[in-house]
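Engineer:
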Amino acid sequence: MKVNDIFSYAFGAIRLRKLRAGLTILGVVIGIAAIVALLSISQGLQASISGQLESGFATDTLIVTAGGLGSGIDGGIGAPDTGFRLLVNDTTFINELSADIELWTAIIQRSSYIESGENTLITTINGVVFEEYSEIYSNTFVAESGTISSTPGNEEIVAGKRVSDPWENGTLFCSVNDNVNVIWPNAAVRPPQNETYTGNVTAILQEIGGFGIGPSDSSTYIPLSQAQSFFDTDECEMIIVKLSNSDQATIDDVSEIITNAFNGQVSVISSTAVLSIVSTIFSTIELFLAGIAGISLLVAGIGIMNIMIVSLMERTREIGILKALGTKSRTVLAIFLSEAMIVGLIGSAIGVVSGWALATVASGFLGGGFSGVAPPGAPVSGGIAVTPVLTPVLILGAMAFGLIISIIFALYPAWRASKLKPVDALRYE
Amino acid sequence: MKNTIVQTKNLQKTYMLGKVPVEALRGVNLKVEKGDFVAILGPSGSGKSTLMNLIGALDKPTNGKVIINGVDLSTLNDNQLADLRKSIGFVFQFFNLIPRFDAKGNVELPMTIPGLGRSERRKRAEKLLDDVGLKDRMNHTPAELSGGERQRVAIARALANNPSFLLMDEPTGNIDSKTANEIMELVEKLNKENGVTTIMITHDQQIAGRAKRMVKMLDGEIIKEIKQL
């Protein structure tokens with residue numbers, strides 16, 4: 011038999027049992043759609059998060075924080091807290107460590123309130139040296155209105171976009187030149203009391219979007235010296251180091267030098283390291299999701315096998331006729347496998363399309379969910395807009411997987427059909 | 133010189149019915165020449181269907197040989213047997229048509245096996261159906277045809293690949309006597325006018341009487357051969 015005759019014969023047999031074939035195809039559709047939807051969303055999420063990280067986290071910077079990652083002893087995260095704290099003055103110490111260190115700046119961070127008129131907002135106060143910080147984050151620490159002074163007065167405040175406009179409904183919490191009260195609940199004194207000072211908003215940052223380790227929309231920035239005196243501390247939460255280049259070798263080199271200089275009491279995080287961790291996490295998640303979706307496809311495969319065995323019994327006599335007319339065993343095998351292939355192909359094709367549709371609908375909800383402050387239906391801003399990523403590899407991979415599963419589960423019934431003895435098959439009632 | 137199409141030599145077949153061996157054929161010697169019309173007559177259980185399965189290469193003998201066109205079937209593998217079956221035109225008691233194909237599709241089916249082109253298949257199927265008197269019923273499915281019409285389709289299908297002989301198993305066993313008569317007229321005509329060698333199995337003495345030769349079987353053996361005029 012010619013290949014097109016085999017396919018047309020197989021197609022005719024499928025068409026005869028439309029409902030049954032439809033249900034079998036549905037099984038494949040669900041499996042493939044699940045795989046495509048889950049993987050395309052997860053890939054979209056990864057692309058989106060990586061993009062946010064890259065924009066919010068310059069690739070030529072290192073972040074030094076107190077507390078080792080414990081990599082020296084057990085390789086795990088969560089080393090015992092030795093009480094080590096970074097000091098603002100440590101910047102001078104870091105400066106001398108390597109010629110590749112171009113710029114460095116300390117950051118003091120506290121969770122605080124700011125009060126404007128009758129409204130109060132929770133924000134993260136960052137004490138930074140405006141000049142150095144804006145040089146390191148030249149793409150994100152940029153004023154939308156007002157100016158970021160390089161020699162700021164103590165009362166100057168730079169507010170993130172979401173601090174100025176937290177509700178996104180036209181009402182602003184604060185604008186340039188507004189006076190706001192910074193309120194810090196000081197828990198170090200007894201009884202705990204609120205420390206307060208009045209600052210003046212001199213700049214609102216342009217919108218950054220998403221999250222990164224650098225500047226953020228929901229943060230407020232004050233001069234480092236003011237933070238030191240207001241929070242009454244010489245300790246800082248992190249030191250940002252800008253390197254002369256973003257070569258992996260330089261990053262690794264300087265990271266090691268800094269870690270060793272602090273005797274393993276600090277963690278040095280680079281953007282590439284974070285990105286690689288994110289990518290590792292997503293690979294694991296994708297594997298897990300693909301596994302779950304794979305199970306549904308496995309169920310579909312068993313459905314195919316079940317249907318084909320029933321169909322084989324029903325068509326035993328037909329197989330006998332075909333063999334009596336001179337059809338070879340391998341042609342009978344080919345006919346049954348073609349039926350599975352047609353089912354697998356139709357199912358996979360519909361599955362890819364519906365999986366894509368599902369991912370697009372679901373990512374709409376996901377994007378809205380992440381934005382937090384945005385009301386439903388509002389344009390997603392400040393959150394993660396997830397666009398499902400449907401790569402040719404995913405499309406072809408899913409199609410191939412659906413096809414292979416269909417064929418594998420049809421192998422046994424098809425083999426049984428091909429092995430039927432013509433005399434027995436013809437006698438079958 | 134005569135041309136032997138089918139020959140069996142000491143053909144034996146033993147079935148196991150549970151643990152009891154049943155000898156269905158006990159050494160059958162038969163020779164069918166080109167242009168012959170042989171009726172194998174016998175009651176139920178005489179072994180005539182077993183003989184047909186062996187001659188049709190649908191089953192394998194326990195002992196003895198089946199030789200078709202000079203080829204000993206025992207020397208052939210499954211693929212070669214399948215190829216050989218293309219040269220046999222089977223007609224079954226229960227028609228064995230494919231229900232989802234119309235008459236033309238059923239006649240075309242055997243021609244797809246050697247890989248004949250679509251238009252060639254169609255042309256030949258139409259001619260064969262015309263020959264068996266079904267010119268106007270070509271596009272009807274078996275369910276829309278009467279028993280006699282179905283058997284005509286089956287005969288047309290059997291002739292599709294220009295077989296070296298027709299092998300008919302109770303071709304009139306499932307149709308009324310008037311239609312049976314018409315079918316037999318068709319078979320006789322094919323034999324006489326077209327020289328189609330025919331082996332027909334039947335339990336009906338009257339039907340068997342229309343063949344050129346009658347072979348009577350009982351308990352797995354040939355008990356009598358009658359040449360008829």
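For the protein sequence lines, the chains are A and B, in the order given. Residues 11 to 439 (my numbering) make up the first sequence, in order. Residues 133 to 361 (my numbering) make up the second sequence, in order. Yeah, the Cβ is synthetic: ideal placement off N, Cα and C, and Gly gets one too.
#1: Given that residue 320 of chain A touches chain D, what residues does it touch there, using C-beta distances under 9 Å?
#2: Taking the alpha carbon of residue 257 of chain B as the reference point, which residue from B/191, B/155, B/291 has its own alpha carbon closest?
#3: Closest to residue 169 of chain A by CA distance: which of A/149, A/346, A/192 is it?
#4: Quick one: does residue 148 of chain B have its CB under 7 Å from some CB of chain A?
#5: Are there three or more Cβ pairs, one per stretch, closer than 8 Å when the stretch 321-336 of chain A is compared with the stretch 228-235 of chain B?
#6: Can you give me the Cβ contacts of residue 369 of chain A inside the same chain, cut-off strictly under 6 Å, excluding the 5 residues immediately before and after it?
#7: Pull up the CB-CB distance for residue 288 of chain A and residue 60 of chain A, whole angstroms please, since I reckon it's below 8 Å.
#8: CB-CB under 7 Å to residue 151 of chain B, same chain, minus the five flanking residues each way: which ones, in chain order?
#9: Within its chain, find whatever has a CB closer than 6 Å to the CB of residue 178 of chain A; leave out the 5 residues flanking it on each side and keep chain order.
#10: In chain order, what are the residue ranges of uninterrupted alpha helix (DSSP H) at least 4 long that sit wholly in the stretch 155-238 of chain B?
#11: Under 7 Å between beta-carbons, which chain B residues line up against residue 345 of chain A? List them in chain order, please.
#12: What are the residues of the stretch 355-375 of chain A that lie near chain B, defined by any Cβ-Cβ distance shorter than 7 Å?
#13: Under a three-way DSSP split, which group does residue 84 of chain A fall into?
#14: Measure the beta-carbon distance from residue 140 of chain A to residue 162 of chain A and round it to whole angstroms, keeping in mind my assumption that it falls under 8 Å.
#15: Between the alpha carbons of residue 288 of chain B and residue 261 of chain B, how many angstroms are there, rounded?
#16: If contact means a Cβ-Cβ distance below 8 Å, which residues of the stretch 159-188 of chain B contact chain A?
#17: Report yes if the CB atom of residue 350 of chain A is closer than 7 Å to the CB atom of residue 41 of chain A, and no otherwise.
#18: If we define contact as Cβ-Cβ less than 7 Å, is residue 218 of chain B a contact residue for chain A?
#19: Taking its Cβ as the centre, do 16 or more other Cβ atoms sit within 10 Å of residue 382 of chain A, making it buried, or is it exposed?
#20: Checking 7 Å against the spacing of the C-beta atoms, do residue 139 of chain B and residue 194 of chain B come in under that value?
#21: Give a yes or no on whether the minimum CB-CB distance between residue 32 of chain A and chain B is below 7 Å.
#22: Per DSSP, which one or two residues make a beta bridge with residue 120 of chain A?
#23: Using the Cα positions of residue 280 of chain B and residue 309 of chain B, report the straight-line distance between them to the nearest angstrom.
#24: Excluding the 5 residues preceding and the 5 following residue 12 of chain A in the sequence, name in chain order all residues of the same chain whose CB lies nearer than 8 Å to its CB.
#25: In terms of DSSP beta bridges, what is residue 231 of chain A paired with?
#26: Measure the C-alpha to C-alpha separation of residue 38 of chain A and residue 409 of chain A and round it to an integer number of angstroms.
#27: Suppose you measure from the CA of residue 213 of chain A to the CA of residue 189 of chain A; what does that come to, to the nearest Å?
#28: Please report whether the beta-carbon of residue 323 of chain A lies at a distance below 7 Å from any beta-carbon of chain B.
#29: Who are the near neighbours of residue 187 of chain A in its chain, counting only those whose CB is closer than 8 Å to its CB and skipping five residues on each side?
#30: Measuring straight from C-alpha to C-alpha, what distance separates residue 336 of chain B and residue 173 of chain B?
#31: Got a sec? Which residues, its chain only, sit under 6 Å from residue 352 of chain B by beta carbon, not counting five neighbours each side?
#32: Mind checking residue 92 of chain A: buried by the 16 CB within 10 Å criterion, or exposed?
#33: Roughly how many angstroms lie between the CA atoms of residue 185 of chain A and residue 128 of chain A, to the nearest whole one?
#34: Can you tell me the Cα-Cα spacing of residue 234 of chain B and residue 20 of chain A, whole angstroms?
#35: Residues in the stretch 257-287 of chain B with C-beta within 7 Å of chain A's C-beta atoms, listed in sequence order?
#36: Considering only C-alpha positions, which residue in the set B/239, B/246, B/250 is nearest to residue 274 of chain B?
Structural biologist: So, to answer that:
#1: The structure shown contains no chain D; its protein chains are A and B.
#2: Within the second sequence, the letter at position 125 stands for residue 257 of chain B. For residue 257 of chain B, the nearest C-alpha among the options comes from B/291.
#3: Here residue 169 of chain A refers to the residue found at position 159 when the first sequence is read from its first residue. Residue 169 of chain A has its Cα closest to that of A/192, out of A/149, A/346, A/192.
#4: If you number the second sequence from 1, residue 148 of chain B lands on position 16. No, no contact with chain A.
#5: Contact holds: three or more Cβ-Cβ distances are below 8 Å.
#6: Taking the first sequence and counting its residues from 1, the one referred to as residue 369 of chain A is at position 359. Here residue 369 of chain A has 47, 50, 51, 398 as same chain residues with Cβ atoms under 6 Å from its own Cβ, once five neighbours each way along the sequence are excluded.
#7: As a position in the first sequence, residue 288 of chain A is number 278, starting the count at 1. As a position in the first sequence, residue 60 of chain A is number 50, starting the count at 1. Indeed they touch by this definition, with Cβ atoms about 6 Å apart.
#8: Translated into the one-based positions of the second sequence, residue 151 of chain B becomes position 19. For residue 151 of chain B, where only same-chain residues beyond five positions count, there are no Cβ hits under 7 Å.
#9: Counting from one through the first sequence, the residue named residue 178 of chain A turns up at place 168. For residue 178 of chain A, there are no CB contacts under 6 Å within the same chain when 5 residues up- and downstream are skipped.
#10: DSSP runs (the alpha helix (DSSP H)) wholly in the stretch 155-238 of chain B: 180-187, 210-217.
#11: One-based indexing of the first sequence puts residue 345 of chain A at position 335. Ordered by position in chain B, no residue passes the 7 Å Cβ test against residue 345 of chain A, which lies about 11 Å from the chain.
#12: Those would be none; no residue qualifies.
#13: Counting from one through the first sequence, the residue named residue 84 of chain A turns up at place 74. With a pLDDT of 41 at residue 84 of chain A, under the threshold of 50, the modelled position of that residue is not reliable, and the figure given next carries that caveat. Here residue 84 of chain A sits in coil by DSSP.
#14: Residue mapping note: residue 140 of chain A aligns to position 130 of the first sequence, counting from 1. Residue mapping note: residue 162 of chain A aligns to position 152 of the first sequence, counting from 1. Between residue 162 of chain A and residue 140 of chain A the Cβ distance is about 5 Å, and since that is below 8 Å, they are a contact.
#15: For the purposes of this step, residue 288 of chain B is taken as residue 156 along the second sequence, with counting starting at 1. For the purposes of this step, residue 261 of chain B is taken as residue 129 along the second sequence, with counting starting at 1. If I take the Cα positions, the gap works out to 6 Å.
#16: So the list reads 185, 188, given in the order they occur along the chain.
#17: As a first step, residue 350 of chain A must be located in the first sequence, where it is residue number 340. As a first step, residue 41 of chain A must be located in the first sequence, where it is residue number 31. Contact: no.
#18: On the second sequence, residue 218 of chain B is found 86 positions in, with the first residue counted as 1. Chain A contact via Cβ: present.
#19: What you label residue 382 of chain A is simply residue 372 of the first sequence in a count that begins at 1. Low local confidence applies: a pLDDT of 38 at residue 382 of chain A is under 50, so the model's placement there is unreliable, and no value is given.
#20: Start at 1 with the first residue of the second sequence, and residue 139 of chain B comes out as number 7. Start at 1 with the first residue of the second sequence, and residue 194 of chain B comes out as number 62. Contact flag unset, no.
#21: Position 22 of the first sequence holds residue 32 of chain A. Answer no: the Cβ-Cβ gap between residue 32 of chain A and chain B never drops below 7 Å.
#22: The sequence position of residue 120 of chain A within the first sequence is 110, counting from 1. Its beta-bridge partners are A/135.
#23: Locating residue 280 of chain B in the second sequence gives position 148, where the first residue counts as 1. Locating residue 309 of chain B in the second sequence gives position 177, where the first residue counts as 1. Cα-Cα distance, rounded: 10 Å.
#24: Within the first sequence, residue 12 of chain A is the residue found at index 2, counting from 1. Within the same chain, and ignoring the five residues on either side of residue 12 of chain A in sequence, no residue has its Cβ closer than 8 Å to its Cβ.
#25: Residue numbering aside, residue 231 of chain A sits at position 221 when the first sequence is read from its first letter. When beta bridges are read from the DSSP output, residue 231 of chain A appears opposite A/136, A/168.
#26: For this step, residue 38 of chain A is matched to residue 28 along the first sequence. For this step, residue 409 of chain A is matched to residue 399 along the first sequence. Cα atoms of residue 38 of chain A and residue 409 of chain A: separation of roughly 10 Å, rounded to the nearest angstrom.
#27: As a working note, residue 213 of chain A is residue 203 in the first sequence. As a working note, residue 189 of chain A is residue 179 in the first sequence. Taking the straight line from one Cα to the other gives about 12 Å.
#28: For the purposes of this step, residue 323 of chain A is identified with residue 313 of the first sequence, where counting begins at 1. No, no contact with chain B.
#29: Position 177 of the first sequence, counted from the start, is the residue given in the question as residue 187 of chain A. When the five nearest sequence neighbours on each side are left out, the beta carbons in the same chain lying within less than 8 Å of the beta carbon of residue 187 of chain A are those of 156, 210, 211, 212, in order along the chain.
#30: Here residue 336 of chain B refers to the residue found at position 204 when the second sequence is read from its first residue. Here residue 173 of chain B refers to the residue found at position 41 when the second sequence is read from its first residue. If you take the alpha carbons of residue 336 of chain B and residue 173 of chain B, they lie about 7 Å apart.
#31: Working through the second sequence from its first residue, we reach residue 352 of chain B at position 220. Scanning its chain for C-beta atoms nearer than 6 Å, with the 5 sequence neighbours on each side dropped, one finds around residue 352 of chain B the residues 155, 156, 157, 158, 179, in chain order.
#32: As a first step, residue 92 of chain A is located in the first sequence; it is residue number 82 there, counting from the start. Residue 92 of chain A comes out exposed.
#33: Within the first sequence, the letter at position 175 stands for residue 185 of chain A. Within the first sequence, the letter at position 118 stands for residue 128 of chain A. Spanning the two alpha carbons is a distance of roughly 15 Å.
#34: Residue numbering aside, residue 234 of chain B sits at position 102 when the second sequence is read from its first letter. Residue numbering aside, residue 20 of chain A sits at position 10 when the first sequence is read from its first letter. Their backbone Cα atoms lie some 16 Å apart in a straight line.
#35: Cβ proximity to chain A below 7 Å picks out nothing from the stretch 257-287 of chain B.
#36: Translated into positions along the second sequence, residue 274 of chain B becomes position 142. Out of B/239, B/246, B/250, B/239 has the C-alpha closest to the C-alpha of residue 274 of chain B.
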